[in-house]
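Taken in order, the sequence shown gives residues 24 to 405; the numbers are from our numbering.
Don't be surprised by glycine CBs; every beta carbon is placed ideally from N, CA and C.
Structure first, then comments.
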Amino acid sequence: MNRPLFLDVHVLHPVPFSNLNRDNLGSPKQLVFGGATRARISSQCAKRATRLWLEANGSYGRALRTRLLPEKVRAALTGLHGLSDTDAIAATTNLFALAKIKVSQASADGEQQGALQGDQLTFTTTDAAEALAAAAVRHMPDITGESFKPKKAEQDDLLAPLGEHNAVIALCGRMLADRPSTNVDAALQMAHAFTTHVSSLELDYFTAVDDEVDDDDEQTGAGHINVNEFTSGVFYRHATVDLDELSQRLDKSAEATADLARSFVRGFMLAEPTGKQNSANAHTRPALVAATLRTDRPVSYAAAFEEPVSRGRDGGFTGPSITRLAEHAAAEQAFYGDEGIIGAWCAATDPQVNTDGLGSRFDSLQELLDKITAAVSEGWQT
């Protein structure tokens with residue numbers, strides 16, 4: 024690509040009684056926008072759900088975020104390379120120390136004999152542990168010594184696997200503060216989702232019956248009593264993929280970039296957080312998705328809902344939210360013009376809803392995704 028190219032994705036998603044993303048007290052997350060309280064789903068929560076969807080439904084490989092990478096390296100050293108456990112622990116500890124990751128051994132039954140874990144999460148490929156173990160073996164027996172201080176070239180060789188990435192990491196990014204050479208700038212920017220209208224918390228008072236207490240027993244009352252908090256609403260969700268950044272990580276392949284962009288749009292729509300789903304079963308799908316391919320800069324339509332949406336004449340927020348979004352997009356384009364916009368498209372589940380302002384409309388998600396794939400492939404050539 025010879026210029027910036029951004030894919031903006033806008034989604035309106037009606038969600039019933041649920042608590043998909045809760046705070047430290049167990050309450051649904053909230054925000055205040057336009058002086059009104061809205062339900063919120065954090066970007067981190069939505070990004071993880073989308074990442075797991077891509078890993079499960081694509082051929083991009085799995086990205087692993089864990090503090091237990093040292094334990095996986097230890098297992099590879101003993102299982103694949105035949106090192107004693109003592110040497111494996113020493114080699115692993117020294118290896119991760121080069122990346123300023125302190126390794127400790129989790130206690131088991133009061134003794135220091137559990138799994139090795141780092142003092143920070145490491146985000147890398149699933150192949151990294153075996154590659155790190157193979158690198159450590161190349162530096163045996165020095166790497167098992169207490170005063171192991173390799174030269175820079177040796178350090179680079181040992182830690183090279185931490186710098187490897189796949190398509191998922193290219194999309195989501197990675198940062199290891201003390202090893203900048205392993206960092207990957209994320210191609211994905213994701214906003215916190217919020218309801219287009221005022222949303223309040225609902226209290227669910229519930230009891231659990233003790234199955235071993237008979238009706239004739241003197242003991243009465245429930246075996247457990249508690250209160251949970253839930254919410255509901257139509258969420259506006261927005262994400263941007265920097266296609267130029269993504270292509271740089273995918274060897275500048277137009278085909279690979281377009282394929283991952285397509286999968287991301289589908290995953291962003293269909294993936295959902297899992298919070299309290301066993302209690303609420305709120306497995307709905309979005310009512311509308313709109314996409315814009317542009318060369319200037321990302322643009323969110325969150326301002327469309329700075330004034331909370333009111334219920335429609337027949338009730339409900341979905342229809343009025345789609346109308347508000349379409350009117351806002353049309354007003355912005357009329358004011359700023361279409362310079363920098365290569366194309367805009369949308370699809371909605373309701374064939375009667377008015378989406379004028381959101382671009383060319385398709386009757387199905389499949390048709391929309393096909394258009395996005397073709398447009399991204401050709402985008403930087405236009």
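- Contact between the segment 83 to 98 and the segment 144 to 152 is present, with at least three C-beta pairs closer than 8 Å.
- By the neighbour-count criterion, in which 16 or more other beta carbons inside 10 Å mark a residue as buried, Leu224 falls on the exposed side.
- Contact check between the segment 72 to 80 and the segment 283 to 291: three or more CB pairs, one atom from each, fall below 8 Å, which counts as touching.
- If you draw a straight line from the Cα of Ala371 to the Cα of His188, it is about 35 Å long.
- Scanning its chain for C-beta atoms nearer than 7 Å, with the 5 sequence neighbours on each side dropped, one finds around Pro184 the residues Ala151, Ala154, Leu155, Ala158, in chain order.
- In its chain, beyond the 5 residues on either side, Ala370 have a beta carbon closer than 8 Å to the beta carbon of Ser387.
- Nearest in C-alpha terms to Gly137, of all of His162, Arg97, Leu106, is Arg97.
- Judged by DSSP in its simplified three-state form, Asp110 adopts helix.
- In the DSSP assignment, His33 is bridged to His261, Ala313.
- In the structure shown, Ser65 adopts coil according to DSSP, grouped into three states.
- Taking 8 Å as the cut-off, the beta carbon of Ile364 is found closer than this to the beta carbon of Thr315.
- With respect to the C-alpha of Ala357, the residue from Gly382, Asp110, Gly338 having the closest C-alpha is Gly382.
- Taking the C-beta atoms as reference points, Asp31 is found nearer than 8 Å to Thr263.
- Rounded to whole angstroms, His33 and Asn117 show a C-alpha spacing of 46 Å.
- Its Cα nearest to that of Leu43, the residue Asn251 stands out among Met198, Asn251, Ala326.
- Nearest neighbour of Thr60 by Cα position, chosen from Gly360, Tyr359, Ala231, Pro331, turns out to be Pro331.
- For Asp208, the closest of Phe340, Ala193, Ser333 by C-alpha to C-alpha distance is Ala193.
- DSSP places Asp227 in the strand class (E or B) of the three-state scheme.
- Out of Leu35, Thr254, Leu182, Pro37, the CA that lies nearest to the CA of Ser302 is found in Thr254.
- Cys195 and Asp201 have their C-alpha atoms some 19 Å from each other.
- In the DSSP assignment, Phe291 falls within the unbroken alpha helix (DSSP H) covering 277 to 293.
- Closest in C-alpha terms to Val55, from the list Glu401, Ala325, Arg384, comes Ala325.
- In the three-state scheme derived from DSSP, where H, G and I count as helix and E and B as strand, Ile345 is classed as helix.
- DSSP places Ile365 in the uninterrupted beta strand (DSSP E) bounded by 364 to 371.
- Leu100 sits away from Thr341, with the two beta carbons spaced by 8 Å or more.
- Ranked by how close their Cα comes to the Cα of Ser400, the residues Asn377, Pro343, Ser344, Ala281 have Ala281 in first place.
- Taking the CA atoms as reference points, Ser276 sits about 23 Å from Ala79.
- Cβ contact annotation for Ser204 (same chain, cutoff 7 Å, sequence separation greater than five): Gly186, in chain order.
- Take the alpha-carbon of Pro296 and the one of Gly84: they are about 21 Å apart.
- Here the C-alpha atom of His162 lies approximately 57 Å from the C-alpha atom of Ala310.
- 8 Å or more divides the Cβ of Thr307 from the Cβ of Pro93.
- In the three-state scheme derived from DSSP, where H, G and I count as helix and E and B as strand, Ile124 is classed as coil.
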